[in-house]
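Line order of the protein sequences matches chains A and B.
Mapping of the first sequence onto our numbering: position 293 corresponds to residue 293, and the numbering continues sequentially without gaps.
Mapping of the second sequence onto our numbering: position 4 corresponds to residue 430, and the numbering continues sequentially without gaps.
Just so it is clear, CB atoms sit at the ideal spot from N, CA and C, and this is done for glycine as well.
Bear in mind that the values here come from a model prediction, so they are computed numbers and not experimental data.
Accompanying notes for the structure given below.
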Amino acid sequence: MVRNTDPRLSPDPEPDQQPTRGSRLADGLKRGLTWLQQPLPAPPATLRRGPMRRGAFDSKLRSPRLTSLLGLALAVAFTVCFVTGLISHFIQHPPLWFWWPSRPVGLYRVTQSLHVATGLASLPLLGAKLWSVYPRLFAWPPARDLTHAIERASLAVLVAAALFQLFSGILNISRWYAPMPFFFTAGHYWSAWLALGALIMHIGVKLPIIRQALTRATPDRPAPGGLSRRGLLATVGAAAGIITLATIGQTVTPLASVSVLAPRRPRSGPQHLPVNKTAGGAGVRDAMFNPSYRLTVVGPARTVRLSLTDLAALPQHTVVLPISCVEGWSSTGTWTGIRLRDLVALAGVDADNAEAYVESLQTGGRYRATTVPAPHTRDPFTLIALRLGGEPLHPDHGYPARLIAPNRPGVLQTKWVARIIARGVS
Amino acid sequence: MTTARRCLIAIGAVIMTYAVFGAFTDADVNFGALIFLIGALIAHDALLLPLTIAAGVLVGRFVPRRFRALVRAALVISLAVTIVAFPLVLGRGRAADNASLLPLHYGRGLLEIYALIGTTAAVAAMMRAWRDRRRRTAPPDPESSPAATS
Chain A
1 MVRNTDPRLS PDPEPDQQPT RGSRLADGLK RGLTWLQQPL PAPPATLRRG PMRRGAFDSK
61 LRSPRLTSLL GLALAVAFTV CFVTGLISHF IQHPPLWFWW PSRPVGLYRV TQSLHVATGL
121 ASLPLLGAKL WSVYPRLFAW PPARDLTHAI ERASLAVLVA AALFQLFSGI LNISRWYAPM
181 PFFFTAGHYW SAWLALGALI MHIGVKLPII RQALTRATPD RPAPGGLSRR GLLATVGAAA
241 GIITLATIGQ TVTPLASVSV LAPRRPRSGP QHLPVNKTAG GAGVRDAMFN PSYRLTVVGP
301 ARTVRLSLTD LAALPQHTVV LPISCVEGWS STGTWTGIRL RDLVALAGVD ADNAEAYVES
361 LQTGGRYRAT TVPAPHTRDP FTLIALRLGG EPLHPDHGYP ARLIAPNRPG VLQTKWVARI
421 IARGVS
Chain B
427 MTTARRCLIA IGAVIMTYAV FGAFTDADVN FGALIFLIGA LIAHDALLLP LTIAAGVLVG
487 RFVPRRFRAL VRAALVISLA VTIVAFPLVL GRGRAADNAS LLPLHYGRGL LEIYALIGTT
547 AAVAAMMRAW RDRRRRTAPP DPESSPAATS
C-alpha cells in the first residue's frame, strides 16, 4: 500500500570513464548504494504471527488518501507550532541576527496562544494519522533491505518526536513535571527539530504516494455500519474543535466560561491576574518588604539608588499591556509606574539607543534576570511598574517593582526588580 | 521529482543530525529526554492504539450496525479530550501557595464534555432511527429514492 519502491531514487548509471579520482568516488558511492539496497534474507514465515498476519487489520477506512489528507493537515499544524515555537525560543535566547519588535503589543500573545492551541488541536489529527498507518508497523518482511530499514527507523523517530512534542506540551501546560526527567523547554526544543527533520525526510520518501493520493480521486466506500472517510475527518475536526473550545479561554477571555479545561482563567489570581511564580516560591518575601530596599540603576557614568518614595516621586505613566505566558495563557492588566527609558536616562545613557539588564531580588533561578533589548527599552510603554489596576503590586506580581514590556513573554517580565544595568548600544 | 525527493531527504537528514547533536551538547537535555522519547512511542504504539482498536472491535461486536459509526465517532472524540484533560484532572500541577494554577474543577469539566458528546450522539442516533423507521413504514415515494438519503 504505502511503500517506497521507486527505483528512481537509486543513482543513475554513469557512462564508462577513465578511472579518475572523481569517478572512483562515484563508483564507491554507487557500490555503497547497491549494497544498501541488497535484499535482506527473509525471516522465517513462522514468525509471522499476530498483527503481522496477512489481513490482521480489516478496516476498509484506511487508505493512502485518508493518510495523506491527515498528513497534510498535520504538516500545516506542525509548521505553525514550529514557527511560533521558534519565535518564542529566539525571543528568550536571541541569536545575533534576531530582531523582535516591541509593537504590536499583543503579537507575542497571538503567536504563543496559537502555538499552544495548534499543538492541542493537532492531538486528534496525530492520533488518527497514526491509526491510519498502524498496520504498516507490522509489515512483512520487517525490512526488505538496509535502505528500507533506515527509512523505518527514521519513521520511528518521527512518530516518537511527534508524540514527545504533544505529550510534553500537555504536561507542561498542566504544570506536571514529574513524568519528564529533563528540563522541559530544552527537551521540547530539540525534539521539535528532530520532528521537523524526520517530517521533511518522510515527505521526501512518500512524495509520489502523497501526490497520487491527493490528486487522484479515491471512492469513499465505508464498510456497512463503519465510519466513512468523510465521517472520520469530521470526527477528527470535531475533536480538535472541542479541545480548542475547552482550552482557548485561557487566552481568549470571553470564552473563559466555556473553557472547562483551561489550565488558567485570565481573571483568576491576585488582582485578577494569574501568577506563575509566587513570592514565596521565589524566596523574596523578606527582601521585598525590607525598608532598606532600593532600586539601583547602574550606568557607565553613574549609579542611582531609588527608595520607594523616590520612585513614587518620578513621573508615573499608565499602560494597558498583556502578560502572555509561554504556557499559552494571557491576561491584560493596567500597569502604572516609571518608564524604563526614563530610568535609563537617569543613569546617563541615551535611552533611544540602549538596552537594560534587569535583575530580580531572587538569588537564583533561570529567570532571575533578563536583557531588555533596544526596541523595548526605547518604547514608552515599557515600565518598571509599581501598581496594577491602581493598587500597589501584589507580592506575587512583583512588589515593590516589576518590569512590564509590550510584546514579550511573561517569563521575561522580571518581578521584584532590584537592579537595572543600562548600557548604550550602537 | 526525484531531485526534489533527494533534496527533502537530505535536508531532513541534516536537520535530524543537528537535533541529535544539539540535544547531546545541551546540558539541560539528559538521557531523561531519550527515555521520554522512547516511552512516548511505546505508550502510544503498544498501549494506547491497540486498546483503541480493541474498543473499536468491541463496538463492532455489540453495537447495532446503524449506530456503529456514531458510537465510534463519539468514542474517538471522548478519547482525544480525555488525553488532554488527564493531567488536569489528576491536578499534580497544583501548588498550595498559588490558587491561580489549575483553578477549575477539571473532573467536572471533563464529565460535562462527555455529557455533551453523549447527548449529541444520542440525538443523532434517535434522528437516524426515526428516519429509518419512516422510510420502512412510508409507502414508496416516487419523488425520492432511498439512495438520496443514505
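- Name the two residues that bound the continuous alpha helix (DSSP H) containing R211(A). The residue you call residue 211(A) lines up with position 211 of the first sequence. Run containing R211(A): 184-215, per the alpha helix (DSSP H) assignment.
- Message: Contact between the segment 181-193 of chain A and the segment 129-144 of chain A is defined here as three or more beta-carbon pairs at a separation below 8 Å; is this criterion met?
- Response: no
- Message: Mapping the DSSP letters down to three states, classify V252(A) as helix, strand or coil.
- Response: In the first sequence, counting from the first residue as 1, residue 252(A) sits at position 252. Coil.
- Task: Answer with yes or no whether the minimum CB distance from W131(A) to chain B is below 8 Å.
- Result: For the purposes of this step, residue 131(A) is identified with residue 131 of the first sequence, where counting begins at 1. With 8 Å as the cut-off, W131(A) counts as an interface residue toward chain B.
- Query: If you measure from the beta carbon of S168(A) to each beta carbon in chain B, is any gap under 8 Å?
  - Reply: Counted from its first residue, the first sequence places residue 168(A) at position 168. S168(A) counts as touching chain B.
- Query: With a cut-off of 8 Å, do at least 3 Cβ pairs link the segment 233-244 of chain A to the segment 81-91 of chain A?
  - Reply: no
- M427(B) to I209(A), Cα distance in whole Å? On the second sequence, position 1 is the one that residue 427(B) refers to. On the first sequence, position 209 is the one that residue 209(A) refers to. M427(B) and I209(A): Cα-Cα distance of roughly 12 Å.
- Check each residue of the segment 251-282 of chain A: if its Cβ is closer than 9 Å to any Cβ of chain B, include it; give the result in chain order. S259, V260, L261, A262, P263, R264, R265, S268, G269, P270, L273, P274, V275, N276, K277, T278, A279, G280, G281
- Query: Under three-state DSSP, which class holds H317(A)?
  - Reply: On the first sequence, residue 317(A) is found 317 positions in, with the first residue counted as 1. Correct three-state label for H317(A): strand.
- Query: From the beta carbon of M427(B), is the nearest beta carbon of chain A less than 8 Å away?
  - Reply: The count along the second sequence starts at 1 and reaches residue 427(B) at position 1. Taking Cβ atoms only, chain A reaches closer than 8 Å to M427(B), which makes this a yes.
- Query: Listing by chain order, which chain A residues have their CB less than 7 Å from the CB of V549(B)?
  - Reply: Stepping through the second sequence from its first residue, residue 549(B) is reached at position 123. The contacting residues do not exist; V549(B) stays about 14 Å from chain A at best.
- Start and end of the beta strand (DSSP E) containing T332(A)? Counting from one through the first sequence, the residue named residue 332(A) turns up at place 332. Per DSSP, T332(A) belongs to the beta strand (DSSP E) from 330-339.
- In terms of DSSP beta bridges, what is E359(A) paired with? Working through the first sequence from its first residue, we reach residue 359(A) at position 359. DSSP output for E359(A) lists A369(A), R419(A) as bridge partner(s).
- Query: What are the boundary residues of the alpha helix (DSSP H) that includes T147(A)?
  - Reply: As a working note, residue 147(A) is residue 147 in the first sequence. Segment 146-173, the alpha helix (DSSP H) holding T147(A).
- Message: Here's the rule I'm using: 16 or more other beta-carbon atoms within 10 Å means buried, otherwise exposed. How should W176(A) be labelled?
- Response: Locating residue 176(A) in the first sequence gives position 176, where the first residue counts as 1. By the neighbour-count rule (16 or more Cβ atoms within 10 Å), W176(A) is buried.
- With contact counted as at least three CB pairs below 8 Å, one residue from each stretch, are the segment 116-135 of chain A and the segment 498-511 of chain B in contact? yes
- Message: With a threshold of 8 Å between beta-carbons, can W416(A) be considered close to chain B, or not?
- Response: As a first step, residue 416(A) must be located in the first sequence, where it is residue number 416. Taking Cβ atoms only, chain B never reaches closer than 8 Å to W416(A), which makes this a no.
- Mind listing which residues of the segment 478-489 of chain B have their C-beta closer than 9 Å to chain A's C-betas, in chain order? T478, I479, G482, G486, V489
- Message: Assuming contact is defined by CB atoms lying nearer than 8 Å, are L496(B) and A547(B) in contact in what I supplied?
- Response: The residue you call residue 496(B) lines up with position 70 of the second sequence. The residue you call residue 547(B) lines up with position 121 of the second sequence. Yes, Cβ-Cβ distance for L496(B) and A547(B) is below 8 Å.
- Item | Opening and closing residue of the alpha helix (DSSP H) in which A26(A) lies | As a position in the first sequence, residue 26(A) is number 26, starting the count at 1. Counting along the chain, the alpha helix (DSSP H) containing A26(A) begins and ends at 21-36.
- With a cut-off of 8 Å, does the C-beta of Y108(A) fall near any C-beta of chain B? Here residue 108(A) refers to the residue found at position 108 when the first sequence is read from its first residue. Chain B, which has no Cβ nearer than 8 Å to the Cβ of Y108(A), makes this no.
- Query: Can you find at least 3 beta carbon pairs, one from the segment 103-121 of chain A and one from the segment 322-336 of chain A, that sit closer than 8 Å?
  - Reply: yes
- Item | the segment 392-406 of chain A: positions lying closer than 8 Å to chain B by Cβ | D396
- Message: I'd like to check one pair, V320(A) with S360(A): are the Cβ atoms closer than 8 Å?
- Response: Position 360 of the first sequence, counted from the first residue, corresponds to residue 360(A). Position 320 of the first sequence, counted from the first residue, corresponds to residue 320(A). Not closer than 8 Å, so no.
- Query: What's the C-alpha gap between L386(A) and L96(A)?
  - Reply: Position 386 of the first sequence, counted from the start, is the residue given in the question as residue 386(A). Position 96 of the first sequence, counted from the start, is the residue given in the question as residue 96(A). Taking the straight line from one Cα to the other gives about 32 Å.
- Query: Any contact of the segment 153-164 of chain A with the segment 199-209 of chain A, i.e. 3+ C-beta pairs under 8 Å?
  - Reply: yes
- What residues in its chain sit with their C-beta under 7 Å from that of V358(A), if we drop five residues either side in the sequence? Locating residue 358(A) in the first sequence gives position 358, where the first residue counts as 1. Counting only Cβ-Cβ distances below 7 Å, and skipping sequence neighbours, we find A369, T370, V372, L403, T414, V417, I420.
- Task: Report the three-state DSSP secondary structure of L245(A) (helix, strand or coil).
- Result: Numbered from its first residue, the first sequence carries residue 245(A) at position 245. Helix at L245(A).
- Query: In the segment 485-520 of chain B, which residue ranges form an unbroken alpha helix (DSSP H) of at least 4 residues, counting only runs that do not cross its ends?
  - Reply: 491-516
- Message: Using 8 Å as the threshold, is the C-beta distance between R267(A) and S331(A) below it?
- Response: On the first sequence, position 267 is the one that residue 267(A) refers to. On the first sequence, position 331 is the one that residue 331(A) refers to. Yes. Within cutoff.
- When Cβ atoms are compared, which residues of the segment 156-167 of chain A fall closer than 8 Å to chain B? A156, V157, V159, A160, A161, L163, F164, F167
- Other residues of its chain near A282(A): CB distance less than 6 Å, five sequence neighbours each side excluded: Against the first sequence, residue 282(A) aligns to sequence position 282. If we look at A282(A) and ignore the five residues flanking it on each side, its Cβ neighbours are Q362.
- Message: With the cut-off set at 8 Å, would you say A466(B) and F167(A) are in Cβ contact?
- Response: Counted from its first residue, the second sequence places residue 466(B) at position 40. Counted from its first residue, the first sequence places residue 167(A) at position 167. Taking 8 Å as the Cβ cut-off, A466(B) and F167(A) qualify as a contacting pair.
- Query: Of all the CB atoms in chain B, is at least one closer than 8 Å to the CB of I421(A)?
  - Reply: Within the first sequence, the letter at position 421 stands for residue 421(A). No, its Cβ sits nowhere closer than 8 Å to a Cβ of chain B.
- For Y134(A) and chain B, any beta-carbon pair shorter than 8 Å? Here residue 134(A) corresponds to residue number 134 of the first sequence, with the count starting at 1. Judged by the 8 Å Cβ criterion, Y134(A) is in contact with chain B.
- Message: Check whether chain B comes within 8 Å of P64(A), counting only Cβ atoms and requiring the distance to be less than that.
- Response: On the first sequence, residue 64(A) is found 64 positions in, with the first residue counted as 1. No, no contact with chain B.
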